[in-house]
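What follows is one structure encoded as structure tokens, with my remarks underneath.
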Amino acid sequence: MTYPVLKQYLARLSGQDSTTTSIWLDADGRAQGRFFNCTMTSAFQPVRELARGGVVAYEGLARSVSAADEGLSLWRLLDHAASDDESVELDRLCRMLHAINFFRQDDNAGADLYLNVHDRLLSAVSSNHGYAFQRILDALDLPIGRIVLLLPTVTAQQGWLLSYVADNYRRNGFRFAVNAASAREGLHLLERVRPDVMRLDARGLADEAGLAGLLERAAQAGTRVVFKRMETLEALQALQRIGAASGQALLAQGFLLDVPRTALLHAGETLAAAA
Numbered sequence: 001m002t003y004p005v006l007k008q009y010l011a012r013l014s015g016q017d018s019t020t021t022s023i024w025l026d027a028d029g030r031a032q033g034r035f036f037n038c039t040m041t042s043a044f045q046p047v048r049e050l051a052r053g054g055v056v057a058y059e060g061l062a063r064s065v066s067a068a069d070e071g072l073s074l075w076r077l078l079d080h081a082a083s084d085d086e087s088v089e090l091d092r093l094c095r096m097l098h099a100i101n102f103f104r105q106d107d108n109a110g111a112d113l114y115l116n117v118h119d120r121l122l123s124a125v126s127s128n129h130g131y132a133f134q135r136i137l138d139a140l141d142l143p144i145g146r147i148v149l150l151l152p153t154v155t156a157q158q159g160w161l162l163s164y165v166a167d168n169y170r171r172n173g174f175r176f177a178v179n180a181a182s183a184r185e186g187l188h189l190l191e192r193v194r195p196d197v198m199r200l201d202a203r204g205l206a207d208e209a210g211l212a213g214l215l216e217r218a219a220q221a222g223t224r225v226v227f228k229r230m231e232t233l234e235a236l237q238a239l240q241r242i243g244a245a246s247g248q249a250l251l252a253q254g255f256l257l258d259v260p261r262t263a264l265l266h267a268g269e270t271l272a273a274a275a
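First residue of the sequence shown: 1, per full-length UniProt numbering; consecutive thereafter.
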């Protein structure tokens, strides 16, 4: 591990009892946490360069820990039960767990870490978005430059809120990603909020010419485009056509390529997937 402050923090956690602290280590050294009566940990799904198969990032996902299941999404279990303040608390706990579980693994190999920001956080936090998480990263001496915050989809009426929050995160040193429902919306977001990453759903690729144009504009702006939820061969074939038309190297993420898991990929696994 190349992060000595994190290593010292993990050493302290290793002696903690799960009944007396909100974060502890399991027998395999993974950080776990508690929210309500649920024990949770991190799973990571790779974002790959489609042509070569190399991993450029991982998205951190919160999963329950239970002998009765294989790890369910915490947000699906708790979102409707939690208040706004509790959702903010869960959101921040998830990001801290993911950062610990990601950077403690030597196999992260310079990849970025994508972390979700829940939609309730946008309106529940009044100002200075990102400051609390920035302080945690600074305290653990973890590289803020390797983290991309995934902002939720907003309505047209919330456009001002997205711009305000994005500016807050940028001023606190974070890169951020936005979701676009179409090539047209993607072009609008490029102009309005200048995201570092833009994500589009690979299940809706009908406008292949428009997406090729978006990729070209995004490359000029220095914005990475990730096609998420790639789950079918039809989506893969559409992306291959879009890549050929645009001349851009495409980034993709989805169950057709990888399932989320707690351990990051070894170099050999990455090369095998690329082959």
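Glycine residues also receive a C-beta, built at the ideal position from the N, C-alpha and C atoms.
- In this structure, residue 115 lies away from residue 173, with their beta-carbon atoms at least 7 Å apart.
- The three-state secondary structure of residue 168, taken from DSSP, is helix.
- Rounded to the nearest whole angstrom, the C-alpha separation of residue 251 and residue 151 is 18 Å.
- The segment 103-112 and the segment 48-60 touch, with three or more beta-carbon pairs separated by less than 8 Å.
- Straight-line measurement puts the Cα of residue 246 at about 43 Å from the Cα of residue 139.
- Under the three-state reduction of DSSP output, residue 131 falls in the helix class.
- The residue among 23, 205 and 204 with its C-alpha nearest the C-alpha of residue 100 is 23.
- CA-to-CA, the gap between residue 43 and residue 30 works out to about 10 Å.
- In the three-state reduction of the DSSP assignment, residue 141 falls in the coil class.
- Contact annotation: the segment 203-212 does not touch the segment 157-177, with fewer than three C-beta pairs closer than 8 Å.
- Residue 205 carries a coil assignment under DSSP once its states are collapsed to helix, strand and coil.
- Excluding its 5 nearest sequence neighbours in each direction, residue 153 has C-beta neighbours in its own chain below 7 Å: 179, listed in chain order.
- Only exposed fits residue 233, as fewer than 16 other CB atoms lie within 10 angstroms of its CB.
- DSSP lists 60 and 261 as the beta-bridge partner residues of residue 44.
- Counting the other CB atoms within 10 Å of its CB gives residue 227 a total of 16 or more, which places it among the buried residues.
- The Cβ atoms of residue 249 and residue 62 do not sit closer than 7 Å to each other.
- Just so you know, the alpha carbons of residue 235 and residue 200 end up roughly 12 Å apart.
- Spanning the alpha carbons of residue 213 and residue 131 requires a straight line of approximately 36 Å.
- Contact annotation: residue 198 and residue 225 have beta-carbon atoms nearer than 7 Å.
- Distance check between residue 94 and each of 105, 107, 118 and 83 places 118 closest, using alpha-carbon atoms only.
- A check of alpha carbon separations from residue 258 across 231, 244 and 237 identifies 231 as the nearest.
- Boundaries of the alpha helix (DSSP H) around residue 186: 183-192.
- Using a Cβ distance threshold of 7 Å, residue 38 and residue 14 do not count as a contacting pair.
- Taking 7 Å as the cut-off, the beta carbon of residue 169 is found no closer than this to the beta carbon of residue 187.
- Cα atoms of residue 120 and residue 256: separation of roughly 30 Å, rounded to the nearest angstrom.
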